[in-house]
Structure formats: structure tokens, C-alpha cells
Amino acid sequence: MSFLDQIDNIKLPQHIAIIMDGNGRWAKQKGKLRVFGHQNGVKAVREALEGCVQANIKFLTLYAFSAENWNRPKLEVIALMELLVSSLKKEIKTFQENGVRLNAIGDISKLPSNAQKKLQETIDATKDNTHCTLTLALSYSSRQEIVEATRNLARKVKAGELNIEEINDDIFSVNLYTRDLPDPDLLIRTSGELRISNFLLWQIAYSELCFLDKMWPEFTKEDLYKSIVEYQQRERRFGKTSEQL
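Set out below in C-alpha cells:
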């Protein structure tokens with residue numbers, strides 16, 4: 125019996141975020157180069173996306189490339205950028221058939237020009253799709269996102285467009301990259317690591333966390349469905365007591 129059949133469609137998480145970790149270690153275990161792991165990780169991305177479509181999850185955000193990843197060996201970074209471009213070319217048909225809208229957050233200006241171009245082309249081609257929004261976090265740093273939001277608010281205050289007393293959670297949120305996305309209900313991380321790694325630090329304040337002891341290339345739809353079932357079994361209190369819910 126699939127975990128998909130155990131999902132309560134009334135209590136679905138609206139937004140799932142995933143830290144896709146373990147590509148390099150998975151490849152190393154098999155005596156392969158790290159890029160082999162990244163290539164196989166694309167299959168897991170497809171599993172996650174198709175699983176979200178089948179489970180009627182409206183928003184999926186994937187930590188595809190962090191700002192810190194630019195410090196990796198040059199050849200690996202080049203391979204990752206080429207893989208991004210080739211994957212977008214291959215998956216555009218899947219996006220259109222499944223009603224997936226592509227979105228991206230992060231310092232996109234740092235990507236190679238061909239990656240920026242293909243990314244924007246795919247975003248434009250899928251902008252009218254409404255079944256699921258897939259957001260790729262690319263050259264992304266949550267701390268930098270928060271710093272930029274703070275700077276933007278400071279400029280508005282200095283220009284007389286905003287009073288300091290008006291700044292609250294909502295005002296701050298609309299100055300983040302994720303202004304058009306709901307906060308994640310569920311955050312999944314693969315590879316057995318138990319950390320957040322500078323990902324959506326503001327947005328996951330009340331997210332449920334699920335850590336999987338398997339590498340990203342091994343991730344399947346069933347892992348997604350099982351995580352959703354586990355999420356639905358938890359009591360989300362948001363600071364209240366059980367009796368208040």
C-alpha cells in the first residue's frame with residue numbers, strides 16, 4: 125500500500141521545502157565522481173515534483189545551489205551549471221504537461237549568462253501554469269536575503285516612505301525573495317544531516333522538520349508521501365496549548 129493512499133487530503137501541507145543533500149557522498153560510495161551524484165539527483169528532483177503534483181501540493185521549493193556552493197571546486201561548479209541548463213531543457217515538457225510554474229529565488233545575477241537565459245525562458249514559458257509552483261533556490265543565502273530585506277526597509281525609512289513603527293512581520297516578509305510564496309509547512313532534508321544550512325531561516329519559523337537518513341539520489345515519491353503522512357500526524361500548535369486548538 126502506497127503512503128499516497130494514507131494522505132489526508134484535507135490536511136495537506138500547502139508548501140514543502142527540501143534540502144537536497146548527499147549527491148556527492150552517494151557518488152563517492154559508488155566510486156564515482158561527485159558530478160555523477162548530481163546527475164542522478166536530477167531523477168530525484170523529478171520524483172519529488174511528480175509526487176507533489178500527484179499529492180496536490182501547491183508549492184515545492186528546492187535548495188538547488190547555495191551561495192556557499194560557489195566555493196566548491198571550479199569543475200564541479202561548471203558541471204552543476206551545465207546540468208541546470210540541460211535539465212531545464214529536458215523538463216520543460218514535464219512542466220507544461222503537469223501544470224507546473226517555475227520560479228527562482230537567490231542572487232540569480234551570479235549564474236552564468238546561459239543559465240540565466242534558460243532559467244528566464246522556462247519561467248516565462250510556464251508563468252500561466254497553476255497546479256504547482258516549483259521554486260529553485262539558486263545562489264541562495266538566507267542570511268543575505270535577510271540582510272537585503274533590512275537594507276531595503278532602511279532605504280524606505282530614509283526616503284520617508286515608511287515609518288519605523290510600521291515595520292512588522294508582514295512588512296518584513298514582503299521584502300524577502302519569497303514574498304509571493306506562503307511559508308513552508310514542511311521542510312525535508314536528506315542524507316541524515318541534522319541542520320538547516322542557511323536555508324529559509326525566516327520562513328521556516330513554524331515549519332515541521334523531517335530528516336531522512338538516505339542520500340538525495342535515493343529519494344522517491346514514497347519518501348515524499350511518507351514525510352507528508354508524518355507531518356499530518358503531528359500537532360501544530362503555533363505557541364498555543366493542545367486544548368486551544
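Heads up: the sequence shown begins at 125 in our numbering, then just goes up one per residue. All C-beta atoms in this analysis are idealised placements derived from N, C-alpha and C, irrespective of residue type, glycine included. These numbers were taken from a predicted model, which means no experiment stands behind them.
Excluding sequence positions up to five before and after ILE216, its CB lies within less than 8 Å of the CB of THR246, ALA249 and THR250, all in the same chain and listed in chain order.
Per the coordinates, the alpha-carbon of THR218 lies some 10 Å from the alpha-carbon of LEU173. Rounded to the nearest angstrom, the gap between the Cα atoms of ARG170 and ILE312 is 16 Å. For LEU277, the CB contacts under 8 Å within the same chain, skipping 5 residues up- and downstream, are LEU286, ILE291, ILE295, PHE296 and ASN299 in chain order.
Annotated three-state conformation of GLU359 is coil, per DSSP.
For ASP293, the closest C-alpha among the options ILE229, ILE270 and ASP309 is that of ILE270. The beta carbon of TYR355 is closer than 8 Å to those of PRO137, ASP309, LEU310, GLU332 and CYS334 in its chain, skipping five residues each way along the sequence. In the DSSP assignment, HIS139 falls within the unbroken beta strand (DSSP E) covering 139 to 143. In the DSSP annotation of this structure, ARG319 is not part of any beta strand (DSSP E), being labelled neither H nor E. If you look at ARG267, you'll find it isn't in any beta strand (DSSP E); it sits in the alpha helix (DSSP H) that goes 266 to 282. Using a Cβ distance threshold of 8 Å, SER265 and ALA191 count as a contacting pair. Per DSSP, the unbroken beta strand (DSSP E) holding PHE189 starts and ends at 183 to 190. In the structure shown, THR344 falls within a coil segment according to DSSP collapsed to helix, strand and coil.
Take the alpha-carbon of GLU200 and the one of VAL166: they are about 15 Å apart. At least 8 Å separates the beta-carbon of VAL209 from that of LYS234. Restricting attention to ALA239, GLY146 and PHE343, the CA atom closest to the CA of LYS213 is found in ALA239. Exclusion of the five residues before and after LYS338 leaves GLY146, THR314, SER315, GLY316 and ASP347 as the residues of its chain whose Cβ lies within less than 8 Å of its Cβ. Between the alpha carbons of LEU128 and ILE288 lies a distance of about 47 Å.
Within the same chain, and ignoring the five residues on either side of ARG267 in sequence, the residues whose Cβ sits closer than 8 Å to its Cβ are ASN322 and LEU325. Exclusion of the five residues before and after ALA329 leaves ASP307 as the residues of its chain whose Cβ lies within less than 8 Å of its Cβ. If the five residues before and after LEU186 are omitted, its C-beta is found closer than 8 Å to the C-beta atoms of ALA141, ILE142, MET144, VAL169, ALA172, LEU258, THR259, LEU260 and ALA261, all from its own chain and listed in chain order. Counting only residues of its own chain and dropping the five nearest sequence neighbours on each side, ASN195 has no CB closer than 8 Å to any other CB. In the DSSP assignment, the residues bridged to CYS256 are VAL224. C-alpha of GLY230 to C-alpha of LYS154: approximately 32 Å in a straight line.
Shown here, SER263 sits in a strand according to DSSP, grouped into three states.
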